[in-house]
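Here my numbering is used: position 16 in the sequence shown is -1, and no number is missing along the way. Each residue gets a CB set at the ideal place from its N, CA and C atoms; glycine is no exception. All of these numbers come straight from a predicted model, not from anything done at the bench. Below: one structure, written as C-alpha cells.
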Amino acid sequence: MEDFKAALIVVDVTRAHFDYDFNYLPVPEDDCQRVLGGLVKVIPEFRSRGLPVIFVRTGHKINPLTGETMSLASPFWRYQMENKISIGGHVRRPVNTENSPAMEIMPQLGAEEQDIIVHKQRYSAFMGTPLEMYLRVMGINTLFFTGANTNNCVLCTAFEAYNRDYRVIAIEDCCASMNGKAYHELAIMQIKASLGWVVDSGSVADILDGRTKL
C-alpha cells in the first residue's frame, strides 16, 4: 500500500460498556473478554511501531439551562430513556456524563501519556471533535477500528472515515455490540460490503509491516 500510515481507533472501550461491576450498557460478557484480550495484543503492535493509539470515549455534557444531559437533544435517545427501552437487557440512564466513572478507559488497555484521547457526544467520533485535525496533522491515511458498539459508534465513525477518503480496516475480534452478536455481525458485513477491509487481530502486525497487502 502506497504511503501507508496507520492509527488505531479504540471506540468506547470504557467502564460503561466493558466493566461488569459498573454494569451500565455492557456488551455480552464473553465478547467483553474477547475484545479486551484482543486489544491487549493489538495496542502494543501500534505503539512499538511509533503509530498512534487514539481512544475515543463518550461523555455527555450537562445542559446548564435544563440540568439534563445534552444527549437528550436527540429525540430517539430521549424516547429510549423516558420509556425505559431495553438495550441488551439494560436501559439508558444519565450516567455517561463528562468526567464520570462511566467514561474511564478500561485499565487493562494501559492508556499511556502519548496516546490521544478524543471525547465525543454522539455516535460519530468526527462530529464536534478534533479527531480529523489530529489525523491530518499526523499524516494518517489508514484507520484500524476497534471497540463498541460495532453497529453504532464504530460503524458511524467508519462511514465518516470512508467519506473522508481514509482506508477503513475493522479488526473484527476487537469489536462488539451491547445490542448482541447479530448486530455486531451485520455491522461487520456492512463494513466489508461498503467501507473497507475486515481482518482479525492476528493479522495486524503483518499488515502494518507490509507483509500482507490489502
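One thing to note: V187 has its Cβ no nearer than 8 Å to the Cβ of C158. With contacts defined by Cβ atoms closer than 8 Å, V10 and F38 do not form a contacting pair. Scanning D148, G21, D4 for the CA closest to the CA of A85 turns up D4. Annotated three-state conformation of L34 is coil, per DSSP. According to DSSP, residue pairing for R40 in a beta bridge involves H102.
Taking L19 as reference, the option from I174, S184, D189, R32 with the minimal CA-CA separation is S184. When the five nearest sequence neighbours on each side are left out, the beta carbons in the same chain lying within less than 6 Å of the beta carbon of K67 are those of V74, in order along the chain.
DSSP places D156 within a strand segment (E or B) once states are collapsed to three. Between the segment 26 to 34 and the segment 163 to 173, the count of C-beta pairs closer than 8 Å stays below three; the two stretches do not touch. A residue is called buried once 16 or more other Cβ atoms fall within 10 Å of its Cβ, and S160 is buried on that count. C-alpha of R40 to C-alpha of L118: approximately 17 Å in a straight line.
In the DSSP assignment, I(-8) falls within the unbroken beta strand (DSSP E) covering -11 to -6. Nearest to R17 by C-alpha distance, out of S107, S57, A131, G111, is A131. Taking 8 Å as the cut-off, the Cβ atoms of T129 and I99 do not count as close.
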